[in-house]
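In what follows, a structure is listed as structure tokens, so that the remarks can point back to it.
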Amino acid sequence: MKAFITMAACCLLLCSCQNEETIQAEVGKNPYDVTDQPADFVQHNRFLLYRNYQTYLITAPTVADYQFNFQRKNKLQITAPEQSPTVLKRGIELLHETFLDFYPEAFKKKHLPYSILLAESIIYTGYETIRPEYRAYGANRFLALGGIKAGMESYDEAEKRRFKSEINAAYWIDYLRDTKKLFEIPESFALASGENVHSKGLGDLTDNPLDYEDGVTTPEMPDYYKLGFISYAPLTTFYDEQYASWWIETPSVETDLRQWIGFVFSTPKAQREEILKKYPIMKTKYDILRKALLQCENFDINNLP
């Protein structure tokens with residue numbers, strides 16, 4: 016009887032071994048199609064981005080592409096763009112105009128993220144009371160560009176500059192600095208504007224160098240360059256109905272840096288040089304920023320167009 020049981024067990028084991036070839040392991044399988052189709056503009060660009068930089072171009076992002084990033088959960092709601100060839104083609108062209116074409120080939124080969132996402136909208140869901148929409152967002156494995164939708168041809172130069180500002184700031188701060196640890200910004204950058212100025216609103220400054228007056232109708236009016244700032248803090252600046260005036264909050268250290276990186280990528284060189292020549296604090300902060308970014312493969316913001 017024992018011999019029979021042993022023989023039966025061996026037969027079952029042999030049969031199971033013969034059936035193992037039907038088991039397929041999916042671990043490590045490439046989730047994206049990067050085969051080349053030269054006649055298809057969108058697919059050809061997917062192929063080029065992966066072949067040249069090992070970066071996936073994702074034109075129809077899902078939650079799996081952006082919400083979970085191993086170290087943290089990204090509090091985002093991304094809407095994929097319309098999947099028409101015309102919209103996606105224009106989106107890829109905008110990606111080049113606002114981001115890819117600023118960087119040398121050797122730089123991109125080493126420092127592009129795992130994936131680049133095209134999106135119609137990028138909404139941040141991490142705040143309790145507001146849900147800001149971004150033109151771009153950076154995380155530890157991807158960079159997303161929003162605003163990809165029908166009618167993009169109507170974007171004027173001012174709007175394109177805003178796209179340049181947000182996507183390059185997201186790339187340098189959220190990816191190259193925070194994830195890759197490729198450069199650091201010294202404390203002297205923030206201190207150049209004043210030791211305490213980052214924690215005050217402009218209306219709270221007793222000796223206001225910006226000549227701010229109650230009754231202005233827009234926060235765009237003060238000359239922020241005098242303090243070495245690019246602009247105000249958008250989330251904490253508001254119009255006070257009771258006093259019929261603006262409360263203008265100066266940017267935090269982090270917002271200031273994000274605005275500065277956006278400024279150098281989105282402002283034409285001739286205009287940048289004119290501003291730096293006129294405002295001493297702006298020139299001081301520019302020089303500090305330039306030296307810091309040179310740590311990353313000698314990337315020189317002086318060479319930006």
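Numbering of the sequence shown is given in the working numbering, commencing with residue 16 and proceeding in unit increments.
C-beta: ideal position from N, C-alpha, C; glycine also.
Treat the numbers as computed from the prediction; the structure is a model and nothing was measured.
Discussion item. For the alpha helix (DSSP H) containing Y278, name the first residue and the last one.
Written reply: It should be noted that the sequence gives Phe, not Tyr, for residue 278. Counting along the chain, the unbroken alpha helix (DSSP H) around F278 starts and ends at 268 to 281.
Discussion item. Give me the residue from L158, N317, F253 with the minimum Cα distance to Y190.
Written reply: Answer by Cα proximity: L158.
Worksheet item: Any idea if P76 is buried or exposed, counting beta-carbon neighbours within 10 angstroms, 16 or more meaning buried?
Response: With 16 or more other Cβ atoms within 10 Å, it is buried.
Worksheet item: What is the rounded straight-line gap between the Cα of K125 and the Cα of I188?
Response: Each residue's alpha carbon lies about 17 angstroms from the other.
Worksheet item: Are the C-beta of R192 and some C-beta of chain D separated by less than 7 angstroms?
Response: Here there is only one protein chain, and chain D is not present.
Discussion item. Just list the residues that DSSP pairs I138 with in beta bridges.
Written reply: For I138, which the question treats as bridged, DSSP gives the partners Q92, E148.
Worksheet item: So what does DSSP say about F253, is it helix, strand or coil?
Response: In this structure, F253 counts as strand in the three-state DSSP scheme.
Item to complete: State the Cα-Cα distance for the pair K340 and E112, rounded to the nearest angstrom.
Response: An answer regarding residue 340 cannot be provided, because it is not within the stretch 16 to 320 covered by the chain.
Discussion item. Considering Cα atoms alone, identify which of E148, R105, Q69 is closest to M167.
Written reply: Comparing Cα positions, the closest option is R105.
Discussion item. In the DSSP output, which residue or residues are listed as bridge partners for W261?
Written reply: Note: W261 is bridge-paired with Y254 in the DSSP secondary-structure output.
Worksheet item: Taking Cβ to Cβ, would you say S130 is nearer than 7 angstroms to I73?
Response: Contact flag set, yes.
Worksheet item: If you compare alpha carbons, which of Q82, K195, P96 is closest to G141?
Response: With distances taken between Cα atoms, G141 lies closest to Q82.
Item to complete: Compute the beta-carbon to beta-carbon distance between M297 and I290, rounded to the nearest angstrom, for a pair I have assumed lies under 8 angstroms.
Response: So it is a contact: roughly 6 angstroms between Cβ atoms.
Worksheet item: Any chance the segment 168 to 184 sits against the segment 192 to 210, with 3 or more Cβ pairs inside 8 angstroms?
Response: Taking 8 angstroms as the limit for Cβ pairs, the verdict is that the segment 192 to 210 does not touch the segment 168 to 184.
Item to complete: Report back the beta-carbon spacing between I321 and P234 to the nearest angstrom; my notes put them in contact at under 8 angstroms.
Response: In this structure the chain extends from 16 to 320, so residue 321 is not present and cannot be described.
Worksheet item: So what does DSSP say about L132, is it helix, strand or coil?
Response: For L132, the three-state secondary structure derived from DSSP is strand.
Item to complete: Might you give, ordered along the chain, the residues of its own chain that have their beta carbon closer than 7 angstroms to the beta carbon of G6, omitting 5 neighbours on each side?
Response: Nothing about residue 6 can be read from this structure; the chain reaches only from 16 to 320.
Item to complete: Please list, in chain order, all residues of the same chain as Y294 whose beta carbon is under 6 angstroms from its beta carbon, the five residues on each side excluded.
Response: Only Y240 meet the Cβ criterion.
Worksheet item: Considering only C-alpha positions, which residue in the set E312, A285, L110, K306 is nearest to P320?
Response: Of E312, A285, L110, K306, the residue nearest in Cα terms is A285.
Worksheet item: What residue does the beta strand (DSSP E) around I245 start on, and which one ends it?
Response: DSSP places I245 in no beta strand (DSSP E); its state is neither H nor E.
Worksheet item: Considering only C-alpha positions, which residue in the set D116, P100, R273, G162 is nearest to A248?
Response: It is R273.
Worksheet item: Would you report the Cα separation of T252 and W261, rounded to the nearest angstrom?
Response: Near 7 angstroms, if we compare the C-alpha coordinates of W261 and T252.
Discussion item. Within the continuous alpha helix (DSSP H) that includes F56, where are the two ends?
Written reply: Here the alpha helix (DSSP H) through F56 covers 56 to 68.
Worksheet item: Between the C-alpha atoms of G243 and L308, what's the straight-line distance to the nearest angstrom?
Response: Taking C-alpha positions only, G243 is separated from L308 by approximately 18 angstroms.
Worksheet item: The beta strand (DSSP E) with I73 in it runs from where to where?
Response: For I73, the uninterrupted beta strand (DSSP E) segment begins and ends at 71 to 73.
Practice prompt. Ignoring anything shorter than 3 residues or poking outside the segment 158 to 200, list the beta strand (DSSP E) runs there in chain order.
Written response: Residue ranges of uninterrupted beta strand (DSSP E) with 3 or more members are absent from the segment 158 to 200; none lies entirely inside it.
Worksheet item: What whole-angstrom Cβ distance do N89 and A154 have, given they're in contact under 8 angstroms?
Response: Confirmed, about 5 angstroms.
Worksheet item: Who pairs with G153 in a beta bridge, going by DSSP?
Response: Residue pairing for G153: DSSP places it in a beta bridge opposite L158.
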